[in-house]
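Report on the following structure.
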């Protein structure tokens with residue numbers, strides 16, 4: 128159910144909250160100190176495209192906007208004491224990112240990779256009516272995006288609408304969210320071969336049916352359920368029933384473990400947030416508990432697989448690293464209140480700290496990125512300290 132070569136033995140270092148707090152401070156202090164107003168943060172070798180002249184990125188996913196968000200968020204929740212004003216630097220990021228994305232033939236409306244995520248960070252630091260109008264316009268543009276996934280499509284900008292609704296109380300954000308819900312539900316099609324409902328993603332020039340938490344089914348359901356208070360009971364029941372059905376009809380499982388392929392019918396058996404069991408748990412753990420015993424068991428068996436497989440060799444990151452996998456344990460702890468899941472999340476946290484320090488020495492720098500780098504790890508460590516499950520830019524903004 129997983130590829131052993133992608134994983135490594137778990138550290139034997141015991142959980143130490145003071146050690147974790149020190150790591151958060153160390154990561155944040157380093158990020159503040161390495162910032163340059165002209166060149167932003169040094170791009171990490173692992174984040175470069177094949178072109179060695181790749182400029183520093185600006186977007187939320189693995190660019191400057193994500194680092195700024197994380198540093199401000201860590202300060203706001205009391206995880207770090209140091210604060211720096213990045214407002215002036217944010218003003219140019221959307222334009223820089225738009226140029227970079229257009230150069231590579233990508234659209235620029237999205238939450239994680241485009242305008243919306245960057246502008247949402249600007250709003251967090253310096254709210255304004257004109258900026259809110261621009262965010263609303265771009266979200267509206269993205270409602271019918273055929274990507275139908277979190278990174279590029281409407282499920283990502285749906286989250287942005289919910290974050291803005293929470294910040295402002297303006298009913299226009301609810302309206303654009305509900306338009307996106309209607310569109311997404313209209314595209315949720317029955318797959319006769321697997322006897323369940325799935326979305327088809329139109330990405331990078333090809334159509335695919337992905338299942339996971341960045342490009343597929345799981346994150347779409349997450350974006351629908353996150354706004355359940357604005358849905359009528361019939362729609363909520365429909366989403367939950369279809370989601371549980373799809374989970375059961377696409378899983379590979381035995382009596383103890385469960386995992387899902389990255390793509391429907393595919394052979395890939397990844398175990399990371401973006402594809403596989405960790406993201407399925409993190410996105411779907413907010414579905415009602417106790418309504419379907421098989422669904423509950425599959426989520427817990429997926430957690431058992433993550434624990435059995437061990438930390439990822441790729442490193443400590445959120446998207447495809449040890450911290451992202453650890454969030455699945457935090458979600459299971461939140462869902463079940465069983466102490467073992469928090470203990471496992473904290474064990475992965477200690478391993479991720481060691482990975483972070485090892486990689487910093489190997490590459491002579493840290494990785495300045497939210498979803499693929501060290502500041503995302505810092506947020507995860509803080510959640511482990513406090514026993515909470517708030518996945519960055521999905522659960523909280």
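Residue numbers (the working numbering): 128 to 524.
By construction, the Cβ of each residue, glycine as well, lies at the ideal position given by its N, Cα and C atoms.
Keep in mind that this is a model prediction, so the values were computed, not measured.
The beta carbon of residue 275 sits closer than 8 angstroms to those of 281, 282, 311, 314, 326, 327, 328, 329, 347, all from its chain and outside the five residues before and after it, given in chain order.
Pairing residue 135 with residue 499 gives a Cβ-Cβ distance that is not under 7 angstroms. Nearest Cα to residue 344 within the set 452, 365, 320, 402: 402. The C-alpha of residue 431 is placed about 21 angstroms away from the C-alpha of residue 418.
Just so you know, the alpha carbons of residue 148 and residue 155 end up roughly 11 angstroms apart. A straight line joining the alpha-carbon of residue 308 with that of residue 261 spans about 21 angstroms.
Linking residue 131 to residue 458 through their CA atoms gives a straight-line distance of about 24 angstroms. Taking one beta carbon from each stretch, the segment 374-389 and the segment 241-249 have fewer than 3 pairs nearer than 8 angstroms; the two do not touch. A direct Cα-to-Cα measurement between residue 229 and residue 171 gives close to 22 angstroms. Burial check for residue 218: the Cβ neighbour count within 10 Å stays below 16, so the residue is exposed. A direct Cα-Cα distance of roughly 31 angstroms separates residue 195 from residue 414. Under the rule that a run must span 3 or more residues, the beta strand (DSSP E) segments found entirely inside the segment 296-368 read 316-318, 323-325, 328-330, 333-335. Taken through DSSP and simplified to helix, strand or coil, residue 226 comes out as helix. A distance below 6 angstroms between beta-carbons, with the five flanking residues on each side excluded, links residue 144 to the following residues of its chain, in chain order: 512. Excluding the 5 residues flanking it on each side, residue 129 has same chain C-beta neighbours closer than 7 angstroms at 386, 396, 398, 432, 436, in chain order. Between residue 158 and residue 480, the C-beta gap is not smaller than 7 angstroms, which leaves the two residues out of contact. With contacts defined as CB atoms closer than 7 angstroms, residue 191 and residue 173 fail to qualify as a contacting pair.
Pairwise C-beta distances place the segment 228-244 in contact with the segment 264-272, as three or more of them are shorter than 8 angstroms.
Boundaries cannot be given for residue 143, as no alpha helix (DSSP H) includes it and DSSP labels it neither H nor E. With fewer than 16 other Cβ atoms from the protein chains shown falling within 10 Å of its own Cβ, residue 421 counts as exposed. For residue 239, there is no enclosing alpha helix (DSSP H), since its DSSP letter is neither H nor E.
Contact check for residue 342 against residue 373 fails: the beta carbons are separated by 7 angstroms or more.
For residue 473, the enclosing alpha helix (DSSP H) starts and ends at 466-490.
DSSP places residue 443 outside both helix and strand once states are collapsed to three, so it counts as coil.
With a contact defined as Cβ atoms closer than 8 angstroms, residue 182 and residue 495 miss out at about 13 angstroms. Residue 214 sits close to residue 252, with the two beta carbons spaced by under 7 angstroms.
Per DSSP, the unbroken alpha helix (DSSP H) holding residue 435 starts and ends at 420-436. For residue 167, the three-state secondary structure derived from DSSP is strand. When DSSP reads this structure, residue 523 sits in a beta bridge with 519. Bounds of any alpha helix (DSSP H) do not take in residue 412, whose DSSP letter is neither H nor E. The alpha-carbon separation between residue 424 and residue 455 amounts to approximately 14 angstroms. One alpha carbon belongs to residue 317, the other to residue 394, and they sit about 22 angstroms apart.
Cα atoms of residue 493 and residue 175: separation of roughly 14 angstroms, rounded to the nearest angstrom.
Beta-bridge analysis with DSSP links residue 160 to no other residue.
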